[in-house]
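One structure below.
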Amino acid sequence: MVTKPPADDPAQDAPVIGPPGRAAAGLPAVAHTVRVAGEQMGAARSLRTLLKVNQKDGFDCPGCAWPEESGKRHRAEFCENGAKAVAEEATLRRVTPEFFAEHPVTELAGRSGYWLGQQGRITEPMYLAEGSDHYTPVSWEQAFAVVAEELAALSSPDEAVFYTSGRTSNEAAFLFQLFVREFGTNNLPDCSNMCHESSGSALTETLGVGKGSVSLEDLHRADLIVVAGQNPGTNHPRMLIALEKAKAAGARIISVNPLPEAGLQRFKNPQNPLSLLRGTPLADLFLQIRIGGDQALFRLLNRLIVETDGAVDEEFVREHTHGFEEFAAAARSADWAETLTATGLERAEIERALELVLASERTVVCWAMGLTQHKHAVATIREVVNFLLLRGAVGRPGAGVCPVRGHSNVQGDRTMGIFERPAPAFLDALEKEFGFAPPRHHGFDVVRSIRALRDGDAKVFFAMGGNFVAASPDTAVTEAALRRARLTVQVSTKLNRSHVVTGRRALILPTLGRTDRDVQSGGRQFVTVEDSMGMVHASRGNLPPASPSLLSEPAIVARLARAVLGSGSRTPWEEFERDYGAIRDRIARVVPGFEDFNTRVARPGGFTLPHAPRDERRFPTATGRANFTAAPVEYPRVPEGRLLLQTLRSHDQYNTTVYGLDDRYRGVRGGRRVVLVHPEDAGRLGLADGAYVDLVGEWRDGVERRAPGFRVVHYPTARGCAAAYYPETNVLVPLDSTADTSNTPASKSVVVRLEPRDG
C-alpha cells in the first residue's frame, strides 16, 4: 500500500545528530531504497519500474548524467538516489485541482520544498489569476492563450526569459530553443549557468570543446584518477562502481576535498557480494584541502612536474600545444609556503601526490561543483588542463578531462542549442534549415536574468522544468525578482518552491516524466538524452501517464509555438508534435555529430558524439592547438573569527529535490538545518556541538544575508571551513558574487560568521 504524503511539515523540525556513516552503499542503503520506492509506488509497481531504469529498452534515469556500461548491463542498473528519483516521479500520489482549492498559495509558500515535493504528481494545468490566492484549473488552450497574450504585450522579445532544466530531452530542448529564437531572443538561461559553466568556459578556451574527453572505458584503463571537488557517493553513486573497477585493474585514486566522504573511504557495492561484505577502500590518498585551494595545489604540482627531468611529455607539448613558455614561467614561481597556506595541506601530502602523478602514464581528473563555483573557478580548471597537458594526458586512452555533470541531460540541452551565447555557426545552420533569421546578440544567463527581472527589464519568465527559485543564489533577491514579473510559467511534474513564488499571474503546465509512456497521434514516441561522456541514447517510459491531461514537453513547446507565432511561422510544429522522429531529422541537419540521427539512435546503447581532442588530438581553439594558460593564483582569504562556507547536498537529496530528511553518511537524521564545523574551529568560536546559530554572510556590498536557526555539528571538515545544505543556504550567496568569465554563482566560497542564538 502506498502511504499518504506528510500532512505536517517535518522538514521544519530540529535535526538529530549521530555518528557519521562509513559506507557509500550496502544493506542499509538497499533496505532504505526498497522502503522509499514502496512508499511512493507500491511493491509491484516499484519492481516493474526500477528494472527498466537505464536499460537499453527502458528509460534514462531522471537523476544524474553518469553513463551506462556499453556492454551487458546489470538488471539493477541504478543507484540509491536514482531509485529515489524514479520513485518520486512514478509515485501514485496526486496533486489535483482539489488540492489547490484546499491550499492557498500563501499557505503553500510557508511549506518546505520537501513537503511540497512529497504531495505527488500534478494532474491538470493550473492558473493563478492576478490578485488571487488559489490556483484554479484551466484548459491547455486557455493556458497557451495567456502566455501568447503576455508575450505579445512585450515591447521587445528580450523582455522574456526562457529557462531550461537538465531533465529536458534533446527533442524538447531543440524545439524550445527553436521556438524562443523564432520568437526573437537568445534569453535561454539554463541550469548549466549555475554548475558546469565554468568547466565549459575553461575547456572551450584550452581544448576547443567544452565537454569531457573521456569514456567509461578510459576510467577503467587509467593508472591514476584524481577526484577533485566532487562527492561521488552522494551525487553520482554509480561512479563508484567505475572507480571500483579501475581500482581492481590497478588504478590509484586521489581524493581532493574539504570533507571526508564515505563513498571514497569504503565502498560497499550491492551488486558485488564480496564488496558488499568487505567494502573497498577507494582513495589511496585523501588531500583534505581548504575550500578554494585547488588552483594553488595544481599550480604547485605543475611546477614540480616542470622541474622533474623527463616528467613533461615534450613531444606532445611541442606538437600539440601553445603557450608553454609563458605557462612554465608562471609555474616555476609557485611558492611552497603560499600553497600550504592556500590548501591547508602538509608538504609531505603534496609530495606523495606528486609520486602518484609521476608514476602514471594515463591520468584522468574528475571534478564537479567544488571546482566550478568559485570566483577563480575558470582559472582553476584551466590549471587542471595545464596539469594534464604537461603529461600528454589528453587524447590518450585512459586519460583526459572528466567534468562530472549533474542532471541527466544537462549536457544534451547545451548541445541542442540551449545557450544564451550561441555560436554563429549554430545560428547559421538554424537559419538555413528553418528559413528565419535568429537573433545574433547575446541573451541573459541565470544571474543576468534575475537582475533583469529585478530591474523590470524582463517581464515574463517561462521555465521548462527545474526549480529556478530554489536553485538560484541570493534567495530574497531572486524571489522578489520573480514576484515583479507579469507572468511566471512552470512546466513541471511535481510541486516545488517555484510554483509558490509567482508573478502577478502564474501558470503550472504539468508534463510527462521519463517514466511515463508517451503516445502521440503518430504512435508511441521515445526521446533521447546525452550523458556526461557524450553518449546519446534513447529513453522510453513504460508507465501509464499520471493523468490523461498531461502533455509531453515537445507537445507543450509545439502548441505554445503555434499559439504565439501563429500562421507566420513556417516551422512544422504539428508534425513535430505528432512524430519526434521528424525533430531528430532536423537536429541531424543542424547539429554536428548527429548525422543520420534516427538510424544511429535506434541501435541498442545509442552512439558516441565526436570529440576532436579525444578522437584525433585535434584542438579547435583560436590557436589550433591545446592552450596552456598562466592566470595568477587565487584563493579565498577569510577574516579572523569567520569561516568559509560551502553549500552542498545531503545524501537524501538530488539538486534541489529533497527525498528525505536524513544524511546517514554524515550522521544527520530528521532535519536539514545543520552546519558542519571542525571541532577546533568551533572551540575557538565558543560553539558547543549542538549549539544553535544564525549563519550571517559577509560580502563586499555590506548587505546582511542571514540564514537563521542552524545546529552546529562538530565534523572533521578542513580547518577554517564549514558546510551546510542548499537550498537553505542559497540566501547567503550574493547575486553578484560569481566566477570570472563564466558568471557562475560562487556558492562554494561564502564568508560567514556564526552568531549564537537560543535553540
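When the sequence shown is numbered by our numbering, its final residue is 859 and no position is left out of the sequence of numbers. From the three backbone atoms N, C-alpha and C, an ideal C-beta is built for every residue, glycine too.
>> Checking the sheet assignment: what are the DSSP bridge partners for K594?
In response: R221
>> Once DSSP output is grouped into helix, strand and coil, what is the label at E630?
In response: Strand at E630.
> What is the residue span of the alpha helix (DSSP H) that G797 lies within?
Replying inline: Looking at the DSSP string, G797 is not in any alpha helix (DSSP H); the run it does join, the beta strand (DSSP E), is 792-797.
>> Using the three-state DSSP reduction, which class does A606 fall into: helix, strand or coil?
In response: strand
>> My parser needs the alpha helix (DSSP H) runs of 4 or more residues fully inside the segment 248-333; what are they?
In response: 270-283, 297-306, 316-321
> Within 10 angstroms of its Cβ, does K184 collect 16 or more other Cβ (buried), or is it exposed?
Replying inline: Burial check for K184: the Cβ neighbour count within 10 Å reaches 16 or more, so the residue is buried.
>> What does the Cβ neighbour count give for Q753, buried or exposed, with the cut at 16 atoms within 10 Å?
In response: Q753 is buried by the Cβ-count criterion.
>> Assuming W436 is part of the beta strand (DSSP E), what are its boundary residues?
In response: Segment 436-443 is the alpha helix (DSSP H) holding W436; no beta strand (DSSP E) there.
> alpha helix (DSSP H) containing M469: first to last residue?
Replying inline: 469-472
> Taking Cβ positions, are G706 and H637 nearer each other than 8 Å?
Replying inline: yes
> Below 8 Å between beta carbons: does that hold for L324 and K347?
Replying inline: no
>> Considering Cα atoms alone, identify which of T472, G410, V417, G393 is closest to W436.
In response: G393
>> If the criterion is Cβ atoms closer than 8 Å, does the pair A585 and F561 meet it?
In response: Yes; because the gap between Cβ atoms is below 8 Å, this pair is in contact.
> Is the Cβ-Cβ distance between Y826 and T723 less than 8 Å?
Replying inline: no
>> If you measure between the beta carbons of H296 and R717, is that distance less than 8 Å?
In response: No, they are not a contact pair.
> What distance in whole Å lies between the Cβ atoms of I656 and V591, which are believed to be in contact at a cut-off of 8 Å?
Replying inline: 6 Å
>> When you compare the CB positions of D409 and R491, do they come within less than 8 Å of one another, or not?
In response: No, they are not a contact pair.
> Residue range of the alpha helix (DSSP H) that M516 falls in?
Replying inline: That residue, M516, is in no alpha helix (DSSP H); it is neither H nor E in DSSP.
> In three-state DSSP terms, what is V577?
Replying inline: helix
>> Under DSSP, the alpha helix (DSSP H) around S621 begins and ends at which residues?
In response: From DSSP, S621 is part of no alpha helix (DSSP H); its letter is neither H nor E.
>> Just to confirm my understanding: we take S549, look at its own chain, exclude 5 residues before and 5 after, and list those with CB closer than 6 Å. What are they?
In response: V261, P289
>> With a threshold of 6 Å on Cβ separation, who are the neighbours of P327 within its own chain once the five nearest residues in sequence on each side are excluded?
In response: The sequence given here has Val at residue 327, not Pro. Closer than 6 Å at Cβ, skipping near neighbours: S355, C466.
> Is N486 helix, strand or coil by DSSP?
Replying inline: It is helical.
> Alpha carbon to alpha carbon, what distance is there between T588 and P110?
Replying inline: 29 Å
> Quick one: Cα of R893 to Cα of A702, how far?
Replying inline: Residue 893 lies beyond the range of the chain shown here (101 to 859); nothing can be said about it.
>> Here's a check: name, in chain order, each residue in its chain whose Cβ is nearer than 6 Å to the Cβ of F416, leaving out the five neighbours to either side.
In response: G492
> If you check the beta carbons only, do R654 and I608 fall under 8 Å apart?
Replying inline: For the sequence presented, residue 654 should be read as Pro rather than Arg. Not a contact, by the Cβ cut-off of 8 Å.
> Who are S572's beta bridge partners in DSSP?
Replying inline: Paired residue(s): none; S572 is not in a bridge.
>> For L743, tell me which candidate among F536, R800, G820, R662 has the shortest Cα-Cα distance.
In response: Nearest option by C-alpha distance: G820.
> By DSSP, does A123 sit in helix, in strand, or in coil?
Replying inline: Because A123 carries a pLDDT of 45, less than 50, the predicted location of this residue cannot be relied on, and the following value inherits that uncertainty. It is coil, neither helix nor strand.
> Straight-line CA distance for V510 to T268?
Replying inline: Near 8 Å, if we compare the C-alpha coordinates of T268 and V510.
>> Applying the 10 Å Cβ sphere with the 16-neighbour rule, what's the burial state of H541?
In response: Around the beta-carbon of H541, fewer than 16 other beta-carbon atoms lie within 10 Å, marking it exposed.
> Just checking my contact of G329 with A362 at CB under 8 Å: how many whole Å lie between their CB atoms?
Replying inline: So it is not a contact: roughly 17 Å between Cβ atoms.
>> To the nearest angstrom, how far is the alpha carbon of R482 from that of L488?
In response: 10 Å
>> Could you compute how far the alpha carbon of R221 sits from the alpha carbon of V619?
In response: It is roughly 19 Å from the alpha-carbon of R221 to the alpha-carbon of V619.
>> Which same chain residues end up closer than 7 Å to A243 when comparing Cβ atoms and leaving out the 5 residues on each side of it in sequence?
In response: Short of 7 Å from the beta carbon of A243, and not among the five residues preceding or following it, lie these beta carbons of its own chain, in chain order: P225, Y227, L607, L609.
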